[in-house]
Each structure stands twice: as C-alpha cells, then as structure tokens.
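S.K.: For reference, the structure I am asking about is given below.
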Amino acid sequence: MAKTQISMTVNGAAVDALVEPRTLLIHFLREQLNLTGPHIGCDTSHCGACTIDLDGRSVKSCTMFAVQAIGADIRTIEGMANADGTLHALQEGFREMHGLQCGFCTPGMIVRAYRLLQENASPSEEEIRFGISGNLCRCTGYQNIVKAIQYAAAKLNGVPFQEAAE
Amino acid sequence: MIPGPFAYHRPTSVKDALALLADLGDEARPLAGGHSLIPMMKLRLATPGHLVDLAGVADLKGIRAEGGDIVIGAMTTQHELVGSDLLARKIPILRETSLLIADPQVRYVGTLGGNVANGDPGNDMPAVMLCLGATYHVSGKGGDRRVAAREFYQGAYFTALEPGEILSAIRIPVPVAGHGHAYQKLKRKIGDYATAAAAVVLTLKGGGEVASCSIGLTNVAETPLWAEDAANILVGSRLDAATVKQAVAAAEAITSPASDQRGPAQYRTKMAGVMLARALARAKERARP
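Which chain is which? The protein sequence lines are A and B, in order. Quick note on the numbering used here: the first sequence kicks off at 4 and runs consecutively. Quick note on the numbering used here: the second sequence kicks off at 6 and runs consecutively.
What follows is the structure, encoded as structure tokens:
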C-alpha cells in the first residue's frame, strides 16, 4: 500500500513523515518518532495507557490512525516537563504523592490529568475520579493518583496543597 | 493488532464524500470517530479497502436551532454535546446520556452520528432518539432524504442506510419547556455497554397527571426499542405505583435480550424494567407542570 505524507506538531516540533494509512498513531509515535512514553496496554481503547493530548482533547492513540492526525498539535508525556527541564506540576505531584508504583499507566494518567486541569482548574475529588475514568491503574487503587492531581491543581493555582483527612 | 491495508481519503465536503463512496463502492467505509470501526479493523472483522474520513467536512459539525427543532451535525462529538449550553437548556437528556457513554477520551472523539448510524444495539443514543422522535438526515449521491429514527433500525447493525449513503445530521423536535427527562443505565463499569437502559421524556398537567410520555430502551433487543404501549399506559395517570408496574410489565414484554456476560436474558429484561421505573421517577421529579 502506498505511503501517505503526513505532517503534524509533536511536543512543539514540526514532524513530517511517510506512513502507511493503516499505521496506528501509537505505533507511529513509538516506532517512528521513538516516543515510547505513551504505552500500549490493552490495545482495545479501554485502559488509557496510550493517551496523548491532540488538539486540546485527550485521545487514545491506539484507536486512531496516524493519518487522522494530519495537521494536529500533539503532546505526549515527553513534552510535559517545563522548558528549563524542571518537572511539570503533575509530574512533581505523582512523585510527591506516590501516584505510581509500576509506572505503566503513568504517562497516560498525567497527560489525561493535564487536559482535565486545563478544562477545570479546581476539580473536586469526584470530578477527578470521573475525569480519569478512562485510565486504568492496576497498582495504586487510584487514591494516590487522585492526591497527585490535587497536588498539581493546588500548585498550578498557587495555593498550598492540603491532603484530605482519610 | 494491526488492521488490514486500506487507502485513506479525506474529503472536505459532503458532495465529495458521497462521490468517493459512490466511486469506490463496497470497498469503502465512511469513518467518523472510529471508536467502533477501528477496533473492528484491528480484529480484522472489518477490512475495508478504502476509508473516507469525514473529519474534514465542516458541514457535518455543529449544533443549531432551526424552528422548533435542534439540528446536530453527525460529526458532533459526545464531548461537544456535553459542553453545549443550548442542549443543556433545551434537550438535557442528551447531556445526561452522553456522560454515560464510554469514558472521557472516547467522548472527545466518538460522534453522535456514528453512535446512531452504526446500528449497534449496545449504543445509547438510538433509544434516546426513538424516545425524542428524532429524524435522521440521510445524504446520498442521488439526493437527500429524511428517515424517522423510529423506522431506522432493522436489526443488529442493519439500518435504513443504503450503500453509499451517509447520515449527515440528526433533527430533534425540542420537547416542551418543563418536560421531565431521564436516562437510566445499568452497566458493570465505566466504559461498558448497558446491561439495560431506559430513556424517558414526559410532561405533566397542573394536577400532576401525565400529559405525554415517550420511552426508549437500550440493549435489550437486536434494535433499540420504542415502548409505545408502556408509555400509553402512563398517560393520564399520576405515575402511581400500580400504573407504573403495569407499564414496566408492558415494556419488559417487548424485550428480547441475549444472554451474555452481562447476565442471562431474564435478568436483563428485569433490569430494563428497573431502569424504566427509576427513569420515570427521576423524570417526574424534574418535570414542571
């Protein structure tokens, strides 16, 4: 099958490439761009490990073709840290609050939480849980992930983070 | 999982999309949000030779009021339905239903048109469209036609769409102000299809009697169901327990679910009844005479 020329922006950089139309976006990111942060978990659009940010939406890149992303502006976990190399508030939150154990779901969780906080800067615990309901974690039981997102929201809002009593 | 090879087309107008579908024939499939088609392609249960991506067709987007109707472009996503102030004011059952579909990521991409056109009995919007008395705008190379949602569904994945046609918009008559609504969905987890679900839109008279009622049921037959008899039983009543019980029995009687991982058929039928009773109670609470 003939290859198609695609161009898009990934983590702020212009990307031009040739892909077969059937190439899934997750395979393009991982295998052609060597961005192995987005993971292939379930490969059936359930687990959210492959979540990326695409034109202001959280998208499961295992269920989209690279050709569908022509002209898109994409951000993956590799593009989350600040320009000076310091961690994004969400990355810091996951470290400080122990929001990961094995780490497999973390890139998807952080990228999804990034969009959630863009849309709702001060989400309630319930809104956070609903907002990350498309991302599965098999280690943490979610409690510390929720705390990590609360930590990041507080930091981004410039207010002190207070852990809710358990 | 890697899909079979195909050629990718990205038309920018409905006319060009229809011309492509006509020229490419059986080998071509229109692509909307892709969250039903792409998983099927990854499993090689679908192997289209051509995909006609409708994402670049601006005319298929948007939500607008037109007379007493609201017209929603087929490529409008569930996320956009959730965020629409116009829909929140005029047809709030659409927001309630959208939030019960899949998960946030899928709602950013999944479209209303794909949800209603695919003919998957597990999809939530078709029963809501039966309930609301929606009409589908269908475009083909030979011209446009309109099909009532209540006449659109013929079997699992079989609809009134002819080869080469696309469903371009959904037209919904705005329910009267003060109507009560509810979509009640039983599911095992976020992202699951309904074990059973019920959509209700009703209006009440000053004395609390039901003036009008419409009921749709999800995933308890090969097609979505419009429970006309059940709704008629309720008209004129005050939704007292005995009448609701009778209506629930009438609704259960038209179901024919499959036994699957979501439970045996008898259970799913009963759950359709439970969802209907809950939806009626919620709709009554929300209705203003």
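Glycine included, C-beta positions come from ideal geometry on N, C-alpha and C.
So, for G119 of chain B: in the same chain, excluding its five sequence neighbours on each side, which residues have a beta-carbon less than 7 angstroms away from its beta-carbon?
M.R.: As a working mapping, residue 119 of chain B is identified with position 114 in the second sequence. Correct list, in chain order: A37, G38 and S41.
S.K.: With distances taken between CB atoms, is the gap from L65 of chain B to S173 of chain B smaller than 8 angstroms?
M.R.: On the second sequence, residue 65 of chain B is found 60 positions in, with the first residue counted as 1. On the second sequence, residue 173 of chain B is found 168 positions in, with the first residue counted as 1. It is a contact, given that the beta carbons lie within the stated cut-off.
S.K.: For chain A, find out if any of its Cβ atoms is closer than 8 angstroms to the Cβ of Y188 of chain B; answer yes or no.
M.R.: Your numbering for residue 188 of chain B matches position 183 in the second sequence. Closer than 8 angstroms: no.
S.K.: Could you name the residues of chain A that Y3 of chain B contacts, counting a contact when the two beta carbons are closer than 9 angstroms?
M.R.: This structure cannot speak to residue 3 of chain B, because chain B is shown only from 6 to 294.
S.K.: For A132 of chain B and L50 of chain B, which I take to be in contact (beta-carbon distance under 8 angstroms), what is that distance rounded to the nearest angstrom?
M.R.: Within the second sequence, the letter at position 127 stands for residue 132 of chain B. Within the second sequence, the letter at position 45 stands for residue 50 of chain B. So it is not a contact: roughly 24 angstroms between Cβ atoms.
S.K.: If we call anything under 8 angstroms between Cβ atoms a contact, is V62 of chain B one with T17 of chain B?
M.R.: Residue 62 of chain B sits at position 57 when you count from the first residue of the second sequence. Residue 17 of chain B sits at position 12 when you count from the first residue of the second sequence. Going by C-beta atoms, V62 of chain B is nearer than 8 angstroms to T17 of chain B.
S.K.: What residues in its chain sit with their C-beta under 7 angstroms from that of G124 of chain B, if we drop five residues either side in the sequence?
M.R.: By 1-based counting over the second sequence, the position of residue 124 of chain B is 119. Around G124 of chain B: Y158, A161, Y162, F163 and T164.
S.K.: Taking the beta strand (DSSP E) that S173 of chain B falls in, what are its first and last residues?
M.R.: Position 168 of the second sequence holds residue 173 of chain B. Per DSSP, S173 of chain B belongs to the beta strand (DSSP E) from I171 to P178.
S.K.: If you run the structure through DSSP and keep just helix, strand and coil, what is S136 of chain A?
M.R.: The residue labelled residue 136 of chain A in the question sits at position 133 within the first sequence. Looking at S136 of chain A - three-state DSSP - the assignment turns out to be coil, as it is neither helix nor strand.
S.K.: Sorted by chain position, which residues of the same chain lie with C-beta nearer than 7 angstroms to T248 of chain B's C-beta, five sequence neighbours on each side aside?
M.R.: Sequence index remark: in the second sequence, residue 248 of chain B carries index 243 (1-based). Answer for T248 of chain B: I238, L239 and S242, listed in chain order.
S.K.: Beta carbons nearer than 8 angstroms to chain B: which residues of the segment 48-68 of chain A have them?
M.R.: Answer set for the segment 48-68 of chain A: S48, H49, G51, T54, R60, S61, V62, K63, T66, M67 and F68.
S.K.: Within its chain, find whatever has a CB closer than 8 angstroms to the CB of G211 of chain B; leave out the 5 residues flanking it on each side and keep chain order.
M.R.: Taking the second sequence and counting its residues from 1, one reaches residue 211 of chain B at position 206. Same-chain partners within the cutoff: P294.
S.K.: In chain order, what residues of the same chain have a beta carbon less than 6 angstroms from the beta carbon of A17 of chain A, not counting five sequence neighbours either side?
M.R.: Taking the first residue of the first sequence as 1, we reach residue 17 of chain A at position 14. Within the same chain, A17 of chain A has no close Cβ partners at all.
S.K.: Assign P44 of chain B to one of three DSSP states: helix, strand, or coil.
M.R.: For the purposes of this step, residue 44 of chain B is taken as residue 39 along the second sequence, with counting starting at 1. Looking at P44 of chain B - three-state DSSP - the assignment turns out to be helix.
S.K.: Any idea if Q121 of chain A is buried or exposed, counting beta-carbon neighbours within 10 angstroms, 16 or more meaning buried?
M.R.: The count along the first sequence starts at 1 and reaches residue 121 of chain A at position 118. Per the 10 Å Cβ criterion, exposed.
S.K.: For E85 of chain B, does the count of other Cβ atoms within 10 angstroms reach 16, so buried, or fall short, so exposed?
M.R.: Working through the second sequence from its first residue, we reach residue 85 of chain B at position 80. Buried, because 16 or more other Cβ atoms sit within 10 Å of the Cβ of E85 of chain B.
S.K.: In angstroms with no decimal places, state the Cα-to-Cα distance between Y98 of chain A and R25 of chain A.
M.R.: Numbered from 1 along the first sequence, position 95 holds the residue referred to as residue 98 of chain A. Numbered from 1 along the first sequence, position 22 holds the residue referred to as residue 25 of chain A. The question names Tyr, yet the displayed sequence has Arg at residue 98 of chain A. Going by the C-alpha atoms only, they are around 37 angstroms apart.
S.K.: Strictly by DSSP, which residues pair up with T208 of chain B?
M.R.: For the purposes of this step, residue 208 of chain B is taken as the residue at position 203 of the second sequence. In DSSP, T208 of chain B forms a bridge with B:S217.
S.K.: List, from N- to C-terminal side, the beta strand (DSSP E) runs of 3 residues or more that fit wholly inside the segment 71-135 of chain A.
M.R.: Listed in chain order, they are 76-78.
S.K.: Reducing DSSP to helix, strand and coil, say where D46 of chain A ends up.
M.R.: As a position in the first sequence, residue 46 of chain A is number 43, starting the count at 1. Three-state DSSP puts D46 of chain A in coil, outside helix and strand.
S.K.: When the cut-off is 8 angstroms and only beta carbons count, does V87 of chain B lie next to chain A?
M.R.: Position 82 of the second sequence holds residue 87 of chain B. V87 of chain B does not count as touching chain A.
S.K.: Tell me the start and end of each unbroken alpha helix (DSSP H) in the segment 113-157 of chain B that is at least 4 residues and wholly inside, in chain order.
M.R.: For the segment 113-157 of chain B, whole alpha helix (DSSP H) runs of length 4 or above, ordered along the chain, are 117-122 and 130-137.
S.K.: Flag M6 of chain B as yes if its beta-carbon sits less than 8 angstroms from any beta-carbon of chain A, otherwise no.
M.R.: Your numbering for residue 6 of chain B matches position 1 in the second sequence. Yes, contact with chain A.
S.K.: Return yes when the Cβ of G169 of chain B is within less than 8 angstroms of the Cβ of L26 of chain B, no when it is not.
M.R.: Here the question's residue 26 of chain B lines up with position 21 in the second sequence. Here the question's residue 169 of chain B lines up with position 164 in the second sequence. In contact: L26 of chain B and G169 of chain B (Cβ atoms closer than 8 angstroms).
S.K.: What's the gap between the Cα of S219 of chain B and the Cα of A201 of chain B?
M.R.: Here residue 219 of chain B refers to the residue found at position 214 of the second sequence. Here residue 201 of chain B refers to the residue found at position 196 of the second sequence. The alpha-carbon atoms of S219 of chain B and A201 of chain B are separated by roughly 17 angstroms.
S.K.: Taking all protein chains shown into account, do 16 or more other C-beta atoms lie within 10 angstroms of the C-beta of E101 of chain B, making it buried, or fewer, making it exposed?
M.R.: Sequence index remark: in the second sequence, residue 101 of chain B carries index 96 (1-based). The residue in question, E101 of chain B, is buried, as its Cβ has 16 or more Cβ neighbours within 10 Å.
S.K.: What does a CB cutoff of less than 6 angstroms around G213 of chain B pick up in its chain, not counting 5 residues either side in sequence?
M.R.: Translated into the one-based positions of the second sequence, residue 213 of chain B becomes position 208. So the qualifying residues of the chain are R243.
S.K.: Between B:H184, B:K275, B:P8 and B:S103, which has its C-alpha nearest K2 of chain B's C-alpha?
M.R.: One cannot answer for residue 2 of chain B here, as it falls past the ends of chain B, which runs 6 to 294.
S.K.: Counting C-beta neighbours from all protein chains within 10 Å, is the total for V290 of chain B 16 or more, i.e. buried, or is it exposed?
M.R.: To locate residue 290 of chain B, count along the second sequence from 1; it is residue 285. A small correction: the amino acid at residue 290 of chain B is Glu; Val does not occupy that position in the sequence shown. That one is exposed.
S.K.: Do G96 of chain A and N14 of chain A have their beta-carbon atoms positioned less than 8 angstroms apart in this structure?
M.R.: The residue given as residue 14 of chain A occupies position 11 in the first sequence. The residue given as residue 96 of chain A occupies position 93 in the first sequence. No, the Cβ-Cβ distance between N14 of chain A and G96 of chain A is not below 8 angstroms.
S.K.: Check whether chain A comes within 8 angstroms of D245 of chain B, counting only Cβ atoms and requiring the distance to be less than that.
M.R.: Taking the first residue of the second sequence as position 1, residue 245 of chain B is located at position 240. Output row for D245 of chain B: interface = no.
S.K.: Is R115 of chain A near the ligand FAD - that is, is its Cβ less than 7 angstroms away from at least one heavy atom of it?
M.R.: Absence of the ligand FAD is noted for the structure shown, with no ligands found whatsoever.
S.K.: Grouping DSSP H, G and I as helix and E and B as strand, with all else coil, what is L21 of chain A?
M.R.: Position 18 of the first sequence, counted from the start, is the residue given in the question as residue 21 of chain A. DSSP places L21 of chain A in strand when its eight states are reduced to three.
S.K.: With respect to the alpha helix (DSSP H) encompassing S103 of chain B, which residues constitute its N-terminal and C-terminal limits?
M.R.: Along the second sequence, read from residue 1 onward, the residue named residue 103 of chain B stands at position 98. That run of the alpha helix (DSSP H) goes I98 to S103.
S.K.: Could you please give me the residues that DSSP links to V76 of chain B through a beta bridge?
M.R.: If you number the second sequence from 1, residue 76 of chain B lands on position 71. In DSSP, V76 of chain B forms a bridge with B:R69 and B:R176.
S.K.: Any C-beta of chain A sitting closer than 8 angstroms to the C-beta of I98 of chain B?
M.R.: The residue you call residue 98 of chain B lines up with position 93 of the second sequence. False, the Cβ-Cβ gap to chain A never drops below 8 angstroms.
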